[in-house]
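Undergrad: Dumping the structure here so I can ask a few things about it.
In the UniProt record's numbering, the protein residues as written are 1 to 668.
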């Protein structure tokens, strides 16, 4: 009995709560409530609760009652233990930072201003927080530090002024954080702020604060990370007044870069409030760039150096080129940011891949050139190249463009953008599949199936092409490729609901879909790519498994967890002594999903023959064991770092994965 809706829900047939017990003599309501075969809180919302019932019972109504009288309740689709199994992640999800954020009165932009003060034990010459490697052409001056300090005081409340004034970060600490950010960007695929022309002492304080914040949030020291999030809030508040006081700021490169930095920090902060604000403010920045034509080819022109250029002319050309290239990379960066945040939040991206008519970024060596002379020499040595570089739209139309222009474009950055364009196509596929599921009157299931096959072939073609053109494949691109391939074969929304994203009722509602999923070849394809996600995550550079990469590892573990929990629930009701069914029974070979491709892997994917497992530190970890699987994925995400040294988002994901594993163990 569903006490919320007041109807009996058995095998899809509904009985109103107002049917008198005398009309159902052999299936009395009390008997149903006391039956051990039905859980107290029965499956909810699987069917339409808006069915209109008539008070006039017909012969058909009494026939249905007789039908259930003869069948009894033994055939009810779930028992109490299974009911516990299909929603055992709800409480774990509620405790995590991924759950819906409910604002409280004390949640403000000024709540963490106390973190703007740093204790002497951290900010002192003995602490040696200053970066040993100088990436930028100059160090931060004390005057620039005072400008940041003045901006902070303008946005601070009286309650924190005294504390901030006594222990605001020193010039050395702020400079070290700025240098660390550019050091991180120098080895990152997505490099979009030009370091060689970035002179700290010529920048606005909001830009300096945002860059220092971006460096601080990567620190293993919790106090420094908190400083970074507090500086980000200051820069975000300052931007608002700048745009309102002078609307021409909407076309300024540094202001747009500052805006983008605050979005990056907020969306991957692991804090519900900051994440929601960052999600809300993506659209304004995208609109600013869209209205300034930064997503169109016409906004960019060729800047050509020559040996006849005077030093002043060459310097001017270099800086013009650097600003133009910075806008170009910022536009692509926003596309990546939008696509990744959409995948994390499971929403539709704001920026369409069809808008990206601008050319790809030029070769990385030109971007990394430290001086105007070095930039000119590299340009002349590599050749002028074609006058028309391909755009993301061009490569989505024909991916062989990557191979044709690999010597003229930033290959890894461009490939990364193309891959996220494919993720947008997969997002569209799932939206169409959602509206066409069931017996739709307007959509053909064959078209949906054909679209999935087309996307699968496109991803395979992308993988082969990338390994052909890239001398050394990037671990980041390989990881994102496997994440996106996994998303093609599973409904992220339903898996999250099943794992407890909202509540137990929603988990039960998608249980039938989960049952259908594990019986399909799509589930085994998803498991294979989930295993490859873990394989790629293990070879990521130290400290880089953060942000979207960390979220991807969590989603891979969720695929394993959901598959094993549903599989065990499905087969829990089998009578004792029944022959083994499926790939967990019998003498099947062990198939390592985080290993290389093999004949056994293809047999498992195509036929379900094999025992899926992951490579544990000592022995295989069977996918049939959700607690062990979660523990293994969690160890990949946490690596060897202590819990406090991990970024807040990674801490939250590890906590959620641990709670899901413990919940599965407690119901085993």
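For glycine and all other residues, C-beta sits at the position ideal for the given N, C-alpha and C.
With 16 as the cutoff for other CB atoms within 10 Å, does residue 652 come out buried or exposed?
TA: By the 10 Å Cβ count, residue 652 comes out buried.
Undergrad: Flag this pair as yes or no: are the beta carbons of residue 230 and residue 123 separated by less than 8 Å?
TA: It is not a contact, given that the beta carbons lie outside the stated cut-off.
Undergrad: By how many angstroms is the C-alpha of residue 162 removed from the C-alpha of residue 308?
TA: About 58 Å.
Undergrad: Looking only at C-alpha atoms, which of 232, 474 and 559 sits nearest to residue 488?
TA: The residue with the shortest Cα to Cα distance from residue 488 is 559.
Undergrad: With the cut-off set at 8 Å, would you say residue 565 and residue 641 are in Cβ contact?
TA: No, the Cβ-Cβ distance between residue 565 and residue 641 is not below 8 Å.
Undergrad: Are the region 100-117 and the region 156-170 touching, with three or more C-beta to C-beta distances below 8 Å?
TA: Short answer: they touch.
Undergrad: Consult DSSP for residue 200 and reduce its assignment to one of helix, strand or coil.
TA: Here residue 200 sits in helix by DSSP.
Undergrad: In terms of residue numbering, what span does the alpha helix (DSSP H) encompassing residue 405 cover?
TA: Premise fails: residue 405 is in no alpha helix (DSSP H) and is neither H nor E.
Undergrad: Is residue 464 buried or exposed, if buried means 16 or more other CB atoms sit within 10 Å of its CB?
TA: So residue 464 counts as exposed.
Undergrad: Mind checking residue 69: buried by the 16 CB within 10 Å criterion, or exposed?
TA: Confidence in residue 69 is poor, its pLDDT being 42 and thus under 50, which makes the residue's placement unreliable; the coordinate value appears in the next sentence. Residue 69 comes out exposed.
Undergrad: Name the one or two DSSP bridge partners that residue 613 has.
TA: According to DSSP, which records beta bridges pairwise, residue 613 is partnered with 592 and 622.
Undergrad: Tell me the DSSP bridge mates of residue 362?
TA: BP columns for residue 362 point to 409.
Undergrad: Near residue 540, what residues of its chain come up, given a Cβ to Cβ distance below 6 Å and the 5 sequence neighbours on each side ignored?
TA: Same-chain partners within the cutoff: 475.
Undergrad: Could you tell me the alpha carbon to alpha carbon distance between residue 588 and residue 598, rounded to whole angstroms?
TA: Answer to the nearest angstrom: the Cα atoms are 15 Å apart.
Undergrad: Among residues of its own chain, excluding the 5 on either side of residue 283, which ones have a beta-carbon nearer than 8 Å to its beta-carbon?
TA: Answer for residue 283: 350, listed in chain order.
Undergrad: Is the region 602-616 in contact with the region 177-190, if contact means three or more CB pairs nearer than 8 Å?
TA: Result no; under three Cβ-Cβ pairs closer than 8 Å.
Undergrad: Using only CA atoms, which one of 220, 221, 195 and 222 lies nearest to residue 211?
TA: The candidate whose alpha carbon is nearest that of residue 211 is 195.
Undergrad: Taking the alpha carbon of residue 326 as the point to measure from, which residue in 481, 524, 472 and 191 has its own alpha carbon closest?
TA: Among 481, 524, 472 and 191, the Cα nearest to that of residue 326 is on 191.
Undergrad: With burial defined as no fewer than 16 other Cβ atoms inside 10 Å of the residue's Cβ, what is the status of residue 104: buried or exposed?
TA: Answer is exposed; the Cβ neighbour count stays below 16.
Undergrad: Specify the secondary structure class of residue 490 as computed by DSSP and reduced to three states.
TA: Residue 490 falls in the coil class under three-state DSSP.
Undergrad: Would you identify the three-state DSSP class for residue 118, choosing helix, strand or coil?
TA: In the structure shown, residue 118 sits in coil (DSSP, three-state: anything other than H, G, I, E or B).
Undergrad: Grab the span of the alpha helix (DSSP H) containing residue 504 for me, first residue to last.
TA: Here the alpha helix (DSSP H) through residue 504 covers 504-509.
Undergrad: My output table needs one value for residue 195: the three-state DSSP class, helix, strand or coil.
TA: Coil, per DSSP.
Undergrad: Throw me the rounded Cβ distance for the residue 623 and residue 534 pair, which I believe falls under 8 Å.
TA: Not really, about 12 Å apart at Cβ, beyond 8 Å.
Undergrad: From residue 263 to residue 471, what distance separates their C-alpha atoms?
TA: Approximately 33 Å, taken between the alpha carbons.
Undergrad: State the DSSP-derived secondary structure class of residue 225, mapped to helix, strand or coil.
TA: Residue 225: helix per DSSP, three-state reduction.
Undergrad: In angstroms with no decimal places, state the Cα-to-Cα distance between residue 536 and residue 479.
TA: Cα to Cα, residue 536 sits roughly 5 Å from residue 479.
Undergrad: State the Cα-Cα distance for the pair residue 486 and residue 532, rounded to the nearest angstrom.
TA: Answer to the nearest angstrom: the Cα atoms are 9 Å apart.
Undergrad: Count the C-beta pairs between the region 287-298 and the region 373-383 that are closer than 8 Å, then say yes if the count reaches three, no if not.
TA: No: the two stretches stay apart, fewer than three of their Cβ pairs being nearer than 8 Å.
Undergrad: State buried or exposed for residue 119, treating a residue as buried only when at least 16 other CB atoms are found within 10 Å of its CB.
TA: Exposed, since its Cβ has fewer than 16 Cβ neighbours within 10 Å.
Undergrad: If you draw a straight line from the C-alpha of residue 462 to the C-alpha of residue 425, how long is it?
TA: Distance between the alpha carbons of residue 462 and residue 425: 14 Å.
Undergrad: Measure the C-alpha to C-alpha separation of residue 675 and residue 520 and round it to an integer number of angstroms.
TA: Because the chain in this structure spans residues 1 to 668, residue 675 falls outside the shown range and cannot be described.
Undergrad: Using the rule of at least 16 other Cβ atoms within 10 Å of the residue's Cβ for burial, across every protein chain shown, is residue 280 buried or exposed?
TA: Counting Cβ neighbours within 10 Å, residue 280 comes out exposed, since fewer than 16 surround it.
Undergrad: On a Cα-Cα basis, can you pick out the residue from 590, 274, 561 and 392 that is closest to residue 353?
TA: Of 590, 274, 561 and 392, the residue nearest in Cα terms is 392.
Undergrad: Check the C-beta distance from residue 722 over to residue 660 and give it rounded, since I have them as a contact under 8 Å.
TA: Lying outside 1 to 668, the shown extent of the chain, residue 722 is not represented and no answer is given.
Undergrad: Tell me the DSSP secondary structure of residue 456 in three-state form.
TA: Residue state, collapsed to three classes: helix.
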